[in-house]
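Chemist: I have a structure I would like to understand better, so I am pasting it below and will then ask my questions one at a time.
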Amino acid sequence: MSDTIKTGLPLNQAQKAIIMIHGRGATAESILALVPYLNLSQFAIVAPQAKGNTWYPFGFLSPSEGNLVAVESSLMEIEKIYKEINEAGIASNQIFLIGFSQGACLCLEFAARKAQRFGGVVAFTGGLIGDQIQPEKYSGDFLGTPVFIGGSDRDFHVPASRIKESAELLKTMGAEVTVALFDDPDHTIRTEEINWVNQKIFV
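Structural data, given as structure tokens:
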């Protein structure tokens, strides 16, 4: 099992919780570096660490077979954390998910496979996983969950077309989706994205 870092309020004292998922080659510590910039003072914060610093071995647009075992294992890891938060008394509509890059893809994949009213879902540069989106993999109703997907309009790793396609599917599942594509080639998290989620999701 991967190591998990818990910070912010203790689960038994918090009314809100967030699961923060790091990108490929990164660490739980690296995604936690976002905390000072987000409105999370009232949150329990949980950041899992992927084995070998990667959630799955190949690019997220690779044929599903190559990533299948690792993706399923990683989703189970997120599911364990989600259940732990839920069992601590924090309702699903007060549980938030956030990720960057590979972590953003995993974040969206997890949310779409068990769609319900989450507190919010934030994907900084990510899309649903697989060489093609397979709607039959996803079920549930987001019931108006706010979802933010941001990124470059020409990111080398995450095409804008997949971001848009993912957003459309999530909308059909009842999510209130905002997509923000920026006129730059950068694989990063922008100040504008941070400001938006602080004003609209972490309120």
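Everything in the sequence shown is counted per the working numbering, starting at 143 for the first residue and increasing by one.
C-beta atoms are modelled at their ideal positions from N, C-alpha and C, and glycine is treated no differently.
1. Rounded to whole angstroms, what is the Cα-Cα separation between Gly262 and Val345?
2. Measure from the alpha carbon of Leu323 to the alpha carbon of each residue in Ala265, Tyr224, Gln236, then state which is nearest.
3. Are His299 and Phe242 closer than 9 Å when you measure CB to CB?
4. Roughly how many angstroms separate the alpha carbons of Ala317 and Lys222, rounded to a whole number?
5. Can you tell me where the beta strand (DSSP E) holding Glu318 begins and where it ends?
6. According to DSSP, is Leu239 part of a helix, a strand, or is it coil?
7. Using three-state DSSP, classify Met143 as helix, strand or coil.
8. Alpha carbon to alpha carbon, how far is Ala186 from His329?
9. Taking the beta carbon of Ala192 as the centre, do at least 16 other beta carbons fall within 10 Å, making it buried, or is it exposed?
10. Hey, out of Pro190, Ala159, Gln155, Leu182, whose CA is closest to Ser172's CA?
11. Helix, strand or coil for Ala254? Go by DSSP, reduced to three states.
12. Could you tell me whether the stretch 150-165 touches the stretch 234-252, where touching means 3 or more Cβ pairs closer than 8 Å?
13. Helix, strand or coil, according to DSSP, for Ile232 in the structure here?
14. Threshold first: 3 residues or longer. Then list the beta strand (DSSP E) segments lying entirely within the stretch 164-216, N to C.
15. Per the contact definition of three or more C-beta pairs closer than 8 Å, is the stretch 248-262 in contact with the stretch 280-288?
Modeler: Per the coordinate set shown:
1. Rounded to the nearest angstrom, the two C-alpha atoms are 11 Å apart.
2. Of the candidates Ala265, Tyr224, Gln236, the one whose C-alpha sits nearest the C-alpha of Leu323 is Ala265.
3. Contact flag unset, no.
4. Cα-Cα distance, rounded: 23 Å.
5. Looking at the DSSP string, the run of the beta strand (DSSP E) that includes Glu318 is 318-324.
6. DSSP, read as helix, strand or coil, puts Leu239 in strand.
7. The predicted position of Met143 is uncertain, since its pLDDT is 40 and thus under 50; no value can be drawn from it.
8. Ala186 and His329: Cα-Cα distance of roughly 28 Å.
9. Here Ala192 is buried, its C-beta having at least 16 other C-beta atoms within 10 Å.
10. Minimum Cα-Cα distance from Ser172 among the listed residues Pro190, Ala159, Gln155, Leu182 corresponds to Pro190.
11. Of the three classes helix, strand and coil, the one that applies to Ala254 here is helix, per DSSP.
12. Taking a contact to require three or more Cβ pairs closer than 8 Å, the stretch 150-165 and the stretch 234-252 qualify as touching.
13. Assigned with DSSP and collapsed to three states, Ile232 falls in coil, not helix or strand.
14. Within the stretch 164-216, the runs of beta strand (DSSP E) at least 3 residues long that lie entirely inside it are, in chain order, 185-190.
15. Yes, they touch.
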